[in-house]
Amino acid sequence: MAAENSLTEQTKLGDGGFVPPDGLCWVSVLSCLLLACSYVGSLYVWRSDLPRDHPTVIKRRFTSVLIVSGLSPLFVWAWREFTGVRTGPPLLALMGMRFEGLIPAVILPLLLTMVLFLGPLMQLAMDCPWSFMDGIRVAFDPWFWMLCFSDMRWLRNQVVAPLTEELVFRACMLPMLVPCAGPSTAIFTCPLFFGVAHFHHVIELLRFRQGTLSGIFLSAVFQFSYTAVFGAYTAFIFIRTGHLMGPVLCHSFCNYMGFPAISTALEHPHRITVLSSYLLGVVLFLLFLFPFTDPSFYGLPTPVCTLTSSPSSLCLS
């Protein structure tokens, strides 16, 4: 109770600004670091000489990351109990698991991300040998989805990785970082844990000698940069919408699309059309970024924003 009173008093200091209580930031950062290490460490509890894409390795890692992800809400609960931070909404609501505004949370963030990928989608449509109706028939073919779910790599990239990574690195970490840093800073702090966590791929590339040392290092730097930017984007979506589902679907979509093949677009037979689509997608994305994530669509204020005494404009419509 003393810790709770201390938090309430200290967050009211200043000219309406947010002042975190002493020690809260250290506890929050260390909790996030411990959670990130637990997630990455769970991938290496299995001893194996097989590469990461081998079905046996994937299945074993499914087991470990699902256990860590299932236990990850306990980190948030323990952090809340230790710091005495008062949370009006229930713990699961803070982590983006709620029904209010669920339908917009499923549709709008994914649509916004597809707008950003307008160029790659146009390029894919031009190069695809299927007609539009062929694509529709495949999408509604149960056999197609049975094949997908029996493919361990597809299941990892499109389901397990997006779900567990967004749960751990967004839904669990942001509620711990927002009371300390505020929503805006938390958006750019949280992805650092996500980006650093992906450095573990370097270990496997070196272990199986998949490239030169300099090539592996450059690949790691690029992957850190890309995942950090992507992490900031999904953190933004999480804070603005207060839902986990949006970031998960965006993550799955981006894993499917991969990094835009800009070099291929420059050599495309219809490069003017393709490059124009790239540019139009970026412009429309910037125009729709705030309107499509307006918190009023998802229940204002979003739960994670209630953790600050004076939410930033990111939390407001």
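Each number in the numbering used here corresponds to the 1-based position in the sequence shown with 88 added. Idealized CB from N, CA, C, for every residue including glycine. Small disclaimer: the values here were computed from a predicted structure and weren't measured.
Counting only runs of 4+ residues, the alpha helix (DSSP H) found wholly inside the segment 200-262 occupies 206-215, 220-227, 230-238, 240-243, 249-254, in chain order. Rounded to the nearest angstrom, the gap between the Cα atoms of residue 263 and residue 142 is 35 Å.
One Cα belongs to residue 251, the other to residue 214, and the distance between them is close to 31 Å. When C-beta atoms of the segment 252-259 are compared with those of the segment 331-351, three or more pairs fall below 8 Å, so the two segments count as touching.
Fewer than three Cβ pairs drawn from the segment 366-380 and the segment 225-235 lie within less than 8 Å of each other, which leaves the two stretches out of contact. Three or more Cβ pairs closer than 8 Å define a contact, and the segment 220-229 falls short of that threshold against the segment 377-384.
The beta carbon of residue 149 lies closer than 6 Å to those of 131 in the same chain, with the five residues before and after it left out. Taking a C-beta distance under 7 Å as the contact criterion, residue 331 and residue 176 do not qualify as a contact pair. Rounded to whole angstroms, the separation of the alpha carbons of residue 327 and residue 212 is 31 Å. A Cβ-Cβ contact shorter than 7 Å links residue 373 with residue 204. In this structure, DSSP gives residue 133 a state outside helix and strand, which the three-state scheme calls coil.
Rounded to the nearest angstrom, the gap between the Cα atoms of residue 207 and residue 198 is 16 Å. With contacts defined by Cβ atoms closer than 7 Å, residue 120 and residue 261 form a contacting pair. Annotation for residue 363: the continuous alpha helix (DSSP H) segment containing it runs 359-380.
For residue 348, the CB contacts under 8 Å within the same chain, skipping 5 residues up- and downstream, are 205, 207, 208, 366 in chain order. When Cβ pairs closer than 8 Å are counted between the two stretches, the segment 313-328 is seen to touch the segment 268-286, the count reaching three or more. For the options 329, 346, 122, the alpha carbon positioned closest to that of residue 402 is the one of 329. If you compare the alpha carbons of 153, 359, 283, 302 with that of residue 322, the shortest gap goes to 283. For residue 342, the uninterrupted alpha helix (DSSP H) segment begins and ends at 333-345. Closest in C-alpha terms to residue 259, from the list 145, 128, 157, comes 157. DSSP, read as helix, strand or coil, puts residue 157 in helix. Across the set 165, 171, 134, the C-alpha of 165 shows the shortest separation from the C-alpha of residue 180.
Ranking 127, 146, 382, 163 by CA distance to the CA of residue 241 puts 146 first. Residue 123 holds the alpha-carbon nearest to the alpha-carbon of residue 160 among 178, 123, 247. Close CB contacts of residue 153 within its chain, under the 6 Å cut and outside five residues either way in sequence, are with 130, 252 (chain order). Listed in chain order, the non-local C-beta contacts of residue 237 below 7 Å within the same chain comprise 243, local neighbours out to five positions each way being set aside. Residue 346 is not a Cβ neighbour of residue 189, given a cutoff of 7 Å.
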